[in-house]
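As structure tokens, the structure follows; a few thoughts come after it.
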Amino acid sequence: MKKICVVIGSRANYSSIKSAMCAIKKHRELELLTVAAASAVLDRYGAVVDLIESDGFKIHEKLHFLLEGETPATMAKSTGIGLIELSSAFERLKPDVVITVGDRFETMATTLAAAYMNIPIAHTMGGEVTGTIDESIRHAVTKFSHIHFPASRDAANRIEKLGELREAIYCVGCPRIDLVADILGEENLDVSHHLFELGVGDKIDLSEPFVLVSQHPVTTEYGAGEKQIWETLLAVKKTGFQAIVLWPNADAGADDISRGIRKWREQGLAENMHFFKNLPIDVYVRLMAMTKCLVGNSSSGIREGAYIGTPVVNIGSRQNARERGTNVIDVGYSEVEIYDAIMRHSEHGKFSAEDIYGNGTAGKQIAEVLATIGQIQLQKTITY
């Protein structure tokens with residue numbers, strides 16, 4: 031059996047690869063190895079590792095390599111420590127293929143460790159164009175990878191333009207859409223009222239209008255996060271809608287956004303707002319289907335939002351140039367722009383679904399490719 035190792039370094043990593051993990055685990059010719067690392071093993075980021083285990087996956091390695099501070103320097107150092115820790119884990123696990131997800135710093139650490147150890151690399155969600163340092167990491171990982179699983183046709187074409195072999199590119203769609211399709215297919219999409227026993231803040235009445243806020247740091251705008259999240263919260267409060275607010279991811283600048291949220295709460299401005307470190311994907315998707323609007327700069331608004339039809343106000347440069355549906359309004363960081371966009375969306379309501387990022391079968395396709403692919407040529411050569 032082929033041993034397929036998946037490295038999960040954050041809550042976004044997990045939702046982006048869960049359906050493929052399920053398919054790999056079920057496949058008779060594949061063995062799933064799971065490594066949880068970086069923010070995925072930390073309670074202050076929602077202890078995603080507990081969620082992975084509760085979903086029935088065995089964790090083969092838990093690696094701590096995320097340095098405190100969330101600065102550009104600690105991000106670089108965390109990548110270096112991750113490279114050391116992951117190379118040791120791969121030496122113990124001896125995988126036949128390593129799957130690395132997306133474009134985060136732990137993705138780069140995973141890629142470099144596997145590449146130097148002559149382990150074939152499968153990369154999901156490559157070929158896309160966005161803002162922040164993620165753009166550079168994503169294309170660099172593409173050049174190290176041997177098997178490509180882009181989420182859209184445009185991304186697949188870009189991977190080929192980067193000099194990758196056409197026969198190594200499998201346009202399967204985004205595994206996150208698989209989860210969305212399964213969840214939306216369920217008869218009951220209600221969210222338990224017990225949800226608000228978790229997190230902090232006022233209890234939200236989900237039968238009344240509410241917005242979702244998910245805003246992360248932009249690494250190339252380091253130091254601006256506190257002001258940026260403050261403008262967002264001012265705009266949300268001005269609408270009069272209730273709000274569910276997620277804490278930021280672990281990228282450089284996360285402390286700035288977290289500080290802004292804490293100050294907001296400490297100044298008594300968080301009436302009708304509830305704050306969560308993390309939400310299970312099934313709950314998050316249900317909330318996306320119910321919300322008046324998703325506000326922030328999360329890729330979930332671009333990917334899942336298009337498939338669900340969620341109205342999205344996309345703030346700033348983090349998702350620059352990523353393919354998007356008619357459900358997205360792009361705005362700058364000012365309270366006025368954000369408020370106006372939320373109100374426009376609240377009047378429009380839900381959008382028609384668009385399958386830009388797949389039709390819900392990506393995970394099964396990934397598992398089948400990994401099971402049937404022949405000998406993988408480790409030596410990379412640019413094609414023209």
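Okay, so the sequence shown: first residue is 31 according to our numbering, each after it adds one. Note that the Cβ used here is the ideal one computed from N, Cα and C, for glycine as well.
Looking at the DSSP output, Lys32 bridges to Leu60. Glu334 is positioned such that its CB atom lies closer than 9 angstroms to that of Ile207.
Assigned with DSSP and collapsed to three states, Asn279 falls in coil, not helix or strand.
Our two residues, Ala42 and Ile167, have alpha carbons roughly 16 angstroms apart in a direct line. Note on Gln405: under 16 other CB atoms within 10 angstroms of its CB, so exposed under the neighbour-count rule. Thr141 and Ala152 have their C-alpha atoms spaced approximately 9 angstroms apart. CA-to-CA, the gap between Gly393 and Gly110 works out to about 30 angstroms. The Cβ atoms of Leu228 and Phe120 lie no closer than 9 angstroms to each other. Assignment of beta-bridge partners to His153 by DSSP yields Thr130, His178. Per DSSP, the unbroken beta strand (DSSP E) holding Glu91 starts and ends at 91–93.
Separation of Val159 and Val275 (C-alpha to C-alpha, rounded to the nearest whole angstrom) is 26 angstroms. By the Cβ rule, the region 238–246 counts as touching the region 272–291, because three or more pairs are nearer than 8 angstroms. In the three-state scheme derived from DSSP, where H, G and I count as helix and E and B as strand, Ala383 is classed as coil. In this structure, Ala211 and Gly390 form a Cβ contact; the two beta carbons are roughly 3 angstroms apart against a cut-off of 8 angstroms.
Taken through DSSP and simplified to helix, strand or coil, Gln349 comes out as coil. Residue pairing by DSSP places Leu242 opposite Ile274, Leu324 in a beta bridge.
Only residues of its own chain outside the window of five on either side were considered, and among them Ala300, Met303, His304, Phe305 have a CB closer than 7 angstroms to the CB of Gly231, listed in chain order.
Residues Ala67, Ala68, Ser108, Ile111, Gly112, Glu115 of the same chain have their beta carbon placed closer than 7 angstroms to that of Phe95, with the five preceding and five following residues left out of the count. Per DSSP, the continuous beta strand (DSSP E) segment holding His304 begins and ends at 303–306.
Of all C-beta pairs linking the region 78–92 to the region 251–258, fewer than three are shorter than 8 angstroms, placing the two stretches out of contact.
Counting of Cβ neighbours within 10 angstroms places Asp85 among the exposed residues, the total staying below 16. Apart from the 5 residues on each side of it in sequence, Ala351 sits with its Cβ closer than 6 angstroms to the Cβ of Val159 in its chain, given in chain order.
Per DSSP, the beta-bridge partners of Ala67 are Leu93.
In the DSSP annotation of this structure, the continuous segment of the beta strand (DSSP E) that includes Val358 starts and ends at 358–361. With a contact defined as Cβ atoms closer than 8 angstroms, Ile47 and Leu400 miss out at about 12 angstroms. Rounded to the nearest whole angstrom, the C-alpha separation of Val343 and Ser328 is 10 angstroms.
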